[in-house]
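Note sheet for the following structure.
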Amino acid sequence: PFLRKTDPHALAVAMTTVKMGDQLLLIGCAEGARLGAIAVKVGLSGRAVAVVSDEQSAVRMTRGAAEAGALVDVRMSPLTKLPFENDGFDLAVVDDTGGLLVSLRPRFASLLLSGHKTVELRRTPPDVECGALVLMYESSPTRRLVGHGLVARIDVDEPWSIWKQHGANTGITRAEFDSYFEGASRA
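For the sequence shown, position 142 (counting from the first letter as 1) is numbered 134 according to our numbering, and the numbering increases by one without interruption.
As structure tokens, this is what we get:
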């Protein structure tokens, strides 16, 4: 019988959908080898940048990238203030931030960033604690990380009650709200 050595990071790499030429942002580093395996997929035509908050994470990322043969620009910064102005990334991989990455349509990202929307609605409540970091990823056509914030609180209730409490701060109409939560018993 032949023993086949499996790649322990194959599933994580496949789940990211990273491909040759991508502009990849890695945030945090709990497992350097896994992130190195993801970063190597961008090849020489892409770019991989890792933002870590401490020296141990920087060492893990540097070692993981070297073992995978990936070129990764490792930067130390608080994860609540990423060191980028208008850099566009095709993909962001969050590892060990204890936070949340939310994908937002451009309309809602703009409203959140301007302060005209202060409540984000989800059919499934996020599994994070109050105070957790939230990274905001703007979906197509922009496809980039556009901002961050902190979870102030998480309210779960019947949809009519959530609308009553927060409707004015959601950035959507009552008709849009009703359509989004149609058939849901909790919001």
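From the three backbone atoms N, C-alpha and C, an ideal C-beta is built for every residue, glycine too. Note that the coordinates shown come from a computational prediction; the quantities given were computed from them, not determined experimentally.
With distances taken Cα to Cα, identify the nearest neighbour of ARG115 among LEU125, ILE164, GLU174 and GLU23. Residue numbering aside, residue 115 sits at position 123 when the sequence shown is read from its first letter. Comparing Cα positions, the closest option is GLU174.
Provide the residue(s) that pair with LEU142 in DSSP beta bridges, ordered along the chain. Here residue 142 is taken as the residue at index 150 of the sequence shown, counted from 1. LEU142 is bridged by DSSP to LEU125.
Does any residue of chain B have a CB that is nearer than 8 Å to the CB of ILE30? Absent from the structure: chain B. Only one protein chain is present.
Would you check whether the ligand GDP has a heavy atom nearer than 7 Å to the C-beta of ALA4? Absence of the ligand GDP is noted for the structure shown, with no ligands found whatsoever.
According to DSSP, MET68 sits in a beta bridge with which residue or residues? Counting from one through the sequence shown, the residue named residue 68 turns up at place 76. Beta-bridge pairing by DSSP links MET68 to VAL44.
DSSP three-state label for ARG26, please. In the sequence shown, counting from the first residue as 1, residue 26 sits at position 34. Helix.
For ARG135 and PRO98, the rounded distance between their alpha carbons: As a working note, residue 98 is residue 106 in the sequence shown. As a working note, residue 135 is residue 143 in the sequence shown. Those two C-alpha atoms are separated by around 9 Å.
Is the CB-CB distance between GLY123 and VAL138 below 8 Å? For this step, residue 123 is matched to residue 131 along the sequence shown. For this step, residue 138 is matched to residue 146 along the sequence shown. Contact check for GLY123 against VAL138 fails: the beta carbons are separated by 8 Å or more.
Give me the Cβ distance between LEU16 and VAL34, rounded to the nearest whole Å; I'm assuming they're in contact under 8 Å. For the purposes of this step, residue 16 is taken as residue 24 along the sequence shown, with counting starting at 1. For the purposes of this step, residue 34 is taken as residue 42 along the sequence shown, with counting starting at 1. Indeed, because the Cβ distance is near 5 Å, the residues count as touching under 8 Å.
Name the two residues that bound the continuous alpha helix (DSSP H) containing LEU103. The sequence position of residue 103 within the sequence shown is 111, counting from 1. Unbroken alpha helix (DSSP H) run through LEU103: 98 to 106.
Spatial neighbours of ASP161 within its chain, please: C-beta separation below 6 Å, excluding the five flanking residues on both sides. Within the sequence shown, numbered from 1, the residue matching residue 161 stands at position 169. First, the amino acid is wrong: residue 161 is Asn here, not Asp. Within its own chain, the residues whose Cβ lies closer than 6 Å to the Cβ of ASN161, once the five positions on either side in sequence are excluded, are THR110 and VAL111, listed in chain order.
Starting from GLU130, follow its DSSP beta bridges and name the residues at the other end. Within the sequence shown, the letter at position 138 stands for residue 130. GLU130 is bridged by DSSP to LEU96 and ARG136.
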